[in-house]
Amino acid sequence: ANPIVIVEDNIFNAETLKALILQDFKFAVDLAYDGEQAIVLFKSKVSQELVQRKLETCSNPQCFRKVPGLIFMDLNMPNVDGFDATIEILRYQDEIWDEQWSAQGLSKTKIVALTAFTDAKNLDRCSDIGMSEILHKPASKKAIIATILKYCPWLEAHKNERRGSGP
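Residue numbers for the sequence shown follow full-length UniProt numbering, so the first one is 1 and each next one is one higher.
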């Protein structure tokens, strides 16, 4: 399972963030290079996961971690921007969500803006559409790791023994 998705149109930035995460964690990271790819990726993972979840039972909710726990979302991208991708992902998630999944330990995916925008209009829009948090580029490694553990605390078990160093 790939618990983290990075949505970033700049390939260098996407690969750099992925490498930074993998310095500290032992799991794969999915990449999408625009909002349209992010929507398709999310829907494919969620529909497989939650349909299966509804039909089967599992005493350990971590059996069902194909659904990403966290999406780092760039905002300014071609095709579908990060705002519209977030709106569609959260709308789809709400449409299919069954509250009994929460009781069984499954959490809704959190979306964190990773952006160079600093103006109040765009930052307010992030909150208005349901993003969980905003990180400003370039985000420090410490901020990235803290964000991962804040929204996906079960990933602490996937930390490498040798902790990466860096800002």
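Backbone N, C-alpha and C define an ideal beta-carbon position, used for all residues, glycine too. A quick note: this is a predicted structure, and the numbers were derived from the prediction, not measured.
Tell me the DSSP secondary structure of D124 in three-state form. Translated into the one-based positions of the sequence shown, residue 124 becomes position 124. Judged by DSSP in its simplified three-state form, D124 adopts helix.
Cβ contact (3+ pairs, closer than 8 Å) linking the segment 112-120 and the segment 90-104: Cβ pair count under 8 Å is below three, so no.
Is the beta carbon of H158 less than 8 Å from the beta carbon of K45? Here the question's residue 158 lines up with position 158 in the sequence shown. Here the question's residue 45 lines up with position 45 in the sequence shown. Against a cut-off of 8 Å, the Cβ pair of K45 and H158 comes out as no contact.
Strictly by DSSP, which residues pair up with T115? Position 115 of the sequence shown, counting from 1, holds the residue named residue 115. H136, per the DSSP bridge assignment.
Which of the three DSSP states is assigned to K26 in this structure? Working through the sequence shown from its first residue, we reach residue 26 at position 26. The answer is coil: DSSP assigns K26 none of H, G, I, E or B.
Exposed or buried, which one is L155 when buried takes at least 16 other CB atoms within 10 Å? The sequence position of residue 155 within the sequence shown is 155, counting from 1. Buried.
What does a CB cutoff of less than 6 Å around A19 pick up in its chain, not counting 5 residues either side in sequence? Within the sequence shown, residue 19 is the residue found at index 19, counting from 1. Result list for A19: empty, nothing under 6 Å.
Buried or exposed: where does A32 fall if 16 or more other Cβ atoms within 10 Å of its Cβ makes it buried? As a working note, residue 32 is residue 32 in the sequence shown. By the 10 Å Cβ count, A32 comes out buried.
Less than 8 Å separating the beta-carbons of P78 and D30? The sequence position of residue 78 within the sequence shown is 78, counting from 1. The sequence position of residue 30 within the sequence shown is 30, counting from 1. Not a contact, by the Cβ cut-off of 8 Å.
Within this structure, are the beta carbons of V7 and F72 separated by less than 8 Å? As a first step, residue 7 must be located in the sequence shown, where it is residue number 7. As a first step, residue 72 must be located in the sequence shown, where it is residue number 72. Against a cut-off of 8 Å, the Cβ pair of F72 and V7 comes out as a contact.
For a test of the three-state rule: what should DSSP assign to residue 213, helix, strand or coil? Because the chain in this structure spans residues 1 to 167, residue 213 falls outside the shown range and cannot be described.
Please state the DSSP three-state secondary structure of K159. Working through the sequence shown from its first residue, we reach residue 159 at position 159. Three-state result, K159: strand.
Since M131 and I111 should fall inside the 8 Å C-beta cutoff, what is the C-beta to C-beta distance between them, to a whole number of angstroms? One-based indexing of the sequence shown puts residue 131 at position 131. One-based indexing of the sequence shown puts residue 111 at position 111. At roughly 5 Å, the Cβ-Cβ gap stays under 8 Å, so M131 and I111 are in contact.
Using a 10 Å radius around the Cβ and a threshold of 16 neighbouring Cβ atoms, would you call F12 buried or exposed? On the sequence shown, position 12 is the one that residue 12 refers to. The residue is exposed, with fewer than 16 neighbouring Cβ atoms inside 10 Å.
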